Amino acid sequence: MTNANSTTIEQDIVGAKVKLVGDGVFTQNPWAPQVAIGAQYKKNRDFDSSLSLPDGTVPLPEIGVPLLLGANDDSGTDIYLSATKLWLGTPSGYNLLTNLTARYTKANMFGLLGFGVEGNDNAKVEWEGSVAVLISPTTAMGTEFRTQTNRLGGLAEEDTVIDAFIAYFPNKSISITAAYVDLGNLPLQASSSGFYLSVNGNF
Amino acid sequence: MIKHCIRLTVPAILSILISACATSPEQSLYDEIGGHKTLNTIYGVAITRIYTDPVIGHYFKGVPKKHLRDQLVLQTCELIGGPCEYDGKPMVESHKDLNIKEREFYILVEYVQGAMRDVGLTYQQENRILKKLAPIKYETVYL
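From first to last, the protein sequence lines are chains A and B.
The opening residue of the first sequence carries number 0 in numbering that gives the first Met the number 0; numbering runs sequentially from there.
The opening residue of the second sequence carries number 0 in numbering that gives the first Met the number 0; numbering runs sequentially from there.
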């Protein structure tokens with residue numbers, strides 16, 4: 000754990016989302032969002048990956064970071080309900096995209112620190128939301144927040160994650176997103192923030 | 000005539016009047032974009048493309064271009080605050096047996112958006128018009 004800077008934790012996520020009701024774009028009467036339900040199965044790959052010290056010794060075999068911090072499980076399934084609405088022509092002729100999501104989860108730090116804690120394996124409701132303005136037909140900028148279960152405590156105290164982003168989508172198959180993300184406290188790294196850049200293609 | 004005089008003698012005052020006019024809440028979106036002439040050009044451009052579209056063009060076989068264009072102009076004029084009243088067939092009735100799919104409706108929307116841009120409307124004007132047109136989706140698409 001003294002070597003936390005170079006610790007890598009990976010997880011696999013498989014998800015599905017379906018629309019339940021509503022039309023977030025073409026129903027322009029107020030307060031009628033499009034509602035979708037989704038599920039994400041997450042499996043942490045490093046739950047029991049041993050940590051080696053700089054001298055090469057492995058003091059705690061088969062105990063990875065999540066386990067060491069008190070997580071209960073290496074996998075979990077989030078169920079979420081998501082409401083989305085595009086406000087055409089608002090503000091002053093631009094379009095505003097809003098989303099609010101309730102997520103029923105037992106993930107610690109999105110699952111990177113495992114699922115549940117010793118003595119409490121129940122899921123709880125966490126909230127996430129976003130507001131974005133479409134400032135041109137190809138550009139959106141906005142902000143997001145996401146609350147976390149914060150049940151590990153101690154070193155792994157979790158804060159609400161926030162970010163600000165700008166996304167550029169020159170056509171239907173390519174998007175480029177740049178963001179500034181503040182993850183709050185991470186184990187041995189208080190106030191973790193940084194820049195994020197991603198390029199996505201759908202062909 | 001009076002305005003003409005003012006323009007000749009006190010151009011500064013007229014420009015203040017014009018800018019006050021441009022931001023005045025009384026001016027409709029219809030007037031702001033240039034009224035009938037602009038709408039007629041937008042739908043002229045859009046319809047030419049719609050009629051030759053491989054996916055949705057067939058829906059308009061036998062519909063005279065001029066008739067559709069006039070109806071769309073009239074309907075949009077009414078929706079964006081112009082001095083018009085749509086007197087055509089109710090939309091639900093004229094689309095009810097066509098089984099138009101959602102994605103086909105979106106193709107048409109994109110032609111109208113494209114025409115608004117090509118004619119020179121601002122992005123903001125385009126969005127404000129779309130907001131008024133949006134509810135038509137549920138009068139045309141088969142669900």
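Each residue gets a CB set at the ideal place from its N, CA and C atoms; glycine is no exception.
Please read all numbers here as calculations on a predicted model, not as lab measurements.
Exercise for the section: Please report how far the alpha carbon of residue 14(A) lies from the alpha carbon of residue 79(A), in whole angstroms. Expected result: As a first step, residue 14(A) is located in the first sequence; it is residue number 15 there, counting from the start. As a first step, residue 79(A) is located in the first sequence; it is residue number 80 there, counting from the start. In this structure, the CA atom of residue 14(A) is about 11 Å from the CA atom of residue 79(A).
Handout entry: Three-way DSSP call (helix, strand, coil) for residue 5(A) in this model
Key = For the purposes of this step, residue 5(A) is taken as the residue at position 6 of the first sequence. DSSP places residue 5(A) in helix when its eight states are reduced to three.
Exercise for the section: Indicate whether residue 34(A) and residue 55(A) have their beta-carbon atoms separated by less than 8 Å. Expected result: Within the first sequence, numbered from 1, the residue matching residue 34(A) stands at position 35. Within the first sequence, numbered from 1, the residue matching residue 55(A) stands at position 56. No, Cβ-Cβ distance for residue 34(A) and residue 55(A) is not below 8 Å.
Problem - Limits of the unbroken alpha helix (DSSP H) element including residue 115(B) - result: For the purposes of this step, residue 115(B) is identified with residue 116 of the second sequence, where counting begins at 1. Where residue 115(B) is concerned, the enclosing alpha helix (DSSP H) stretches over 101-118.
Handout entry: Range of the contiguous beta strand (DSSP E) that encloses residue 181(A)
Key = Sequence index remark: in the first sequence, residue 181(A) carries index 182 (1-based). Its beta strand (DSSP E) spans residues 173-185.
Practice task
Spell out a yes or no on whether the region 28-42 of chain B and the region 79-88 of chain B are touching, meaning 3 or more CB-CB pairs, one atom from each, closer than 8 Å.
Solution key: yes
Handout entry: Contact the region 111-121 of chain B vs the region 89-96 of chain B: 3+ CB pairs below 8 Å
Key = In short, these stretches do not touch, since the Cβ pair count stays below three.
Practice task
Please decide whether residue 20(B) counts as near chain A, where near means a Cβ-Cβ distance under 8 Å.
Solution key: Residue mapping note: residue 20(B) aligns to position 21 of the second sequence, counting from 1. With a pLDDT of only 47 at residue 20(B), under 50, the local geometry of the prediction cannot be trusted, and the value read off the model is given with reservation. Residue contact check for residue 20(B) against chain A: no CB pair falls below 8 Å.
Exercise for the section: Anything in chain A within Cβ reach of residue 130(B), meaning under 7 Å, just list it in chain order. Expected result: Within the second sequence, numbered from 1, the residue matching residue 130(B) stands at position 131. Those are 27, 87 and 88, listed as they occur along chain A.
Problem - Cutoff 8 Å: residue 156(B) Cβ touching any chain A Cβ - result: Any property of residue 156(B) remains undetermined from this structure, which presents chain B solely from 0 to 142.
Handout entry: Three-state class that DSSP yields for residue 114(A) in the structure shown
Key = For this step, residue 114(A) is matched to residue 115 along the first sequence. Strand.
Handout entry: Meets three-Cβ-pair contact criterion under 8 Å: the region 109-129 of chain A and the region 90-101 of chain A
Key = yes
Exercise for the section: Could you work out which residues of chain B lie near residue 172(A), taking near to mean beta carbons separated by less than 7 Å? Expected result: As a position in the first sequence, residue 172(A) is number 173, starting the count at 1. The premise fails here: residue 172(A) is roughly 15 Å from chain B at the closest Cβ pair, so nothing lies under 7 Å.
Exercise for the section: Determine the chain A residues that contact residue 136(B) at a beta-carbon separation under 8 Å, and present them in chain order. Expected result: Taking the second sequence and counting its residues from 1, one reaches residue 136(B) at position 137. Using a Cβ-Cβ cut-off of 8 Å, residue 136(B) is close to 22 and 25 of chain A, given in chain order.
Problem - Counted within 10 angstroms of its Cβ, other Cβ atoms place residue 152(A) as buried (16 or more) or exposed - result: Here the question's residue 152(A) lines up with position 153 in the first sequence. Exposed.
Handout entry: Listed by chain order, chain B residues near residue 94(A) by CB distance under 8 Å
Key = Within the first sequence, the letter at position 95 stands for residue 94(A). Neighbours of residue 94(A) in chain B, taken as residues at a C-beta separation under 8 Å, are given in chain order as 126.
Problem - Touching by the beta-carbon criterion (3+ pairs, under 8 Å), the region 117-126 of chain A and the region 69-85 of chain A - result: yes
Practice task
For residue 106(A), collect the residues of the same chain with a Cβ closer than 7 Å to its Cβ; drop the 5 residues on either side in sequence, then sort them by chain order.
Solution key: Numbered from 1 along the first sequence, position 107 holds the residue referred to as residue 106(A). Correct list, in chain order: 41, 75, 77, 114 and 148.
Exercise for the section: Kindly indicate the opening and closing residues of the beta strand (DSSP E) around residue 40(B). Expected result: Along the second sequence, read from residue 1 onward, the residue named residue 40(B) stands at position 41. That residue, residue 40(B), is in no beta strand (DSSP E); its alpha helix (DSSP H) goes 34-50.
Handout entry: When 158(A), 174(A) and 157(A) are compared against residue 165(A), the one with the closest alpha-carbon
Key = Here residue 165(A) corresponds to residue number 166 of the first sequence, with the count starting at 1. It is 174(A).
Exercise for the section: Could you check which residue in 194(A), 171(A), 38(A) and 184(A) has the C-alpha nearest to that of residue 159(A)? Expected result: Mapped onto the first sequence, residue 159(A) falls at position 160. In terms of Cα proximity to residue 159(A), the closest of 194(A), 171(A), 38(A) and 184(A) is 184(A).
Handout entry: The alpha helix (DSSP H) enclosing residue 30(B), as first and last residue numbers
Key = Position 31 of the second sequence, counted from the start, is the residue given in the question as residue 30(B). 28-31 is the span of the alpha helix (DSSP H), which, as asked, contains residue 30(B).
Exercise for the section: Would you mind sorting residue 104(B) into buried or exposed? The rule is 16 or more other CB atoms within 10 Å of its CB. Expected result: As a first step, residue 104(B) must be located in the second sequence, where it is residue number 105. Residue 104(B) comes out buried.
Handout entry: According to DSSP, residues forming a beta bridge with residue 86(A)
Key = Within the first sequence, the letter at position 87 stands for residue 86(A). Residue 86(A) pairs with 95(A).
Practice task
Kindly list, in the order they appear in chain B, the residues whose Cβ is closer than 8 Å to that of residue 32(A).
Solution key: Here residue 32(A) corresponds to residue number 33 of the first sequence, with the count starting at 1. Chain B residues near residue 32(A): none, gap ~14 Å exceeds 8 Å.
Handout entry: For residue 93(B), the first and last residue of its enclosing beta strand (DSSP E)
Key = Reading the second sequence from its first residue, position 94 is the one you call residue 93(B). Per DSSP, residue 93(B) belongs to no beta strand (DSSP E); it is in the alpha helix (DSSP H), 90-94.
Problem - Own chain partners of residue 77(B) with C-beta closer than 8 Å, once the 5 adjacent residues on each side are dropped - result: Working through the second sequence from its first residue, we reach residue 77(B) at position 78. Within the same chain, Cβ atoms closer than 8 Å to the Cβ of residue 77(B) are found at 83, 84 and 85, the five residues on either side in sequence being excluded.
Exercise for the section: Output the distance between the C-alpha atoms of residue 204(A) and residue 177(A), rounded to the nearest integer angstrom. Expected result: Residue 204(A) lies beyond the stretch modelled for chain A, which goes from 0 to 202, so this question has no answer here.
Handout entry: Residues near residue 195(A) in its chain [Cβ-Cβ closer than 6 Å; skip 5 each side]
Key = For the purposes of this step, residue 195(A) is taken as the residue at position 196 of the first sequence. For residue 195(A), where only same-chain residues beyond five positions count, the Cβ hits under 6 Å are 178 and 180.
Handout entry: Three-state secondary structure assigned by DSSP to residue 134(A)
Key = Within the first sequence, the letter at position 135 stands for residue 134(A). Three-state result, residue 134(A): strand.
Practice task
Mind listing the chain A neighbours of residue 141(B)? Cutoff is C-beta to C-beta under 7 Å, in chain order.
Solution key: Looking up residue 141(B) in the second sequence gives position 142. Ordered by position in chain A, no residue passes the 7 Å Cβ test against residue 141(B), which lies about 14 Å from the chain.
Practice task
Establish whether the CB of residue 123(B) and some CB of chain A are separated by less than 8 Å.
Solution key: Within the second sequence, numbered from 1, the residue matching residue 123(B) stands at position 124. Cβ-Cβ to chain A under 8 Å: yes for residue 123(B).
Exercise for the section: Anything in chain B within Cβ reach of residue 197(A), meaning under 7 Å, just list it in chain order. Expected result: Here residue 197(A) refers to the residue found at position 198 when the first sequence is read from its first residue. Ordered by position in chain B, no residue passes the 7 Å Cβ test against residue 197(A), which lies about 25 Å from the chain.
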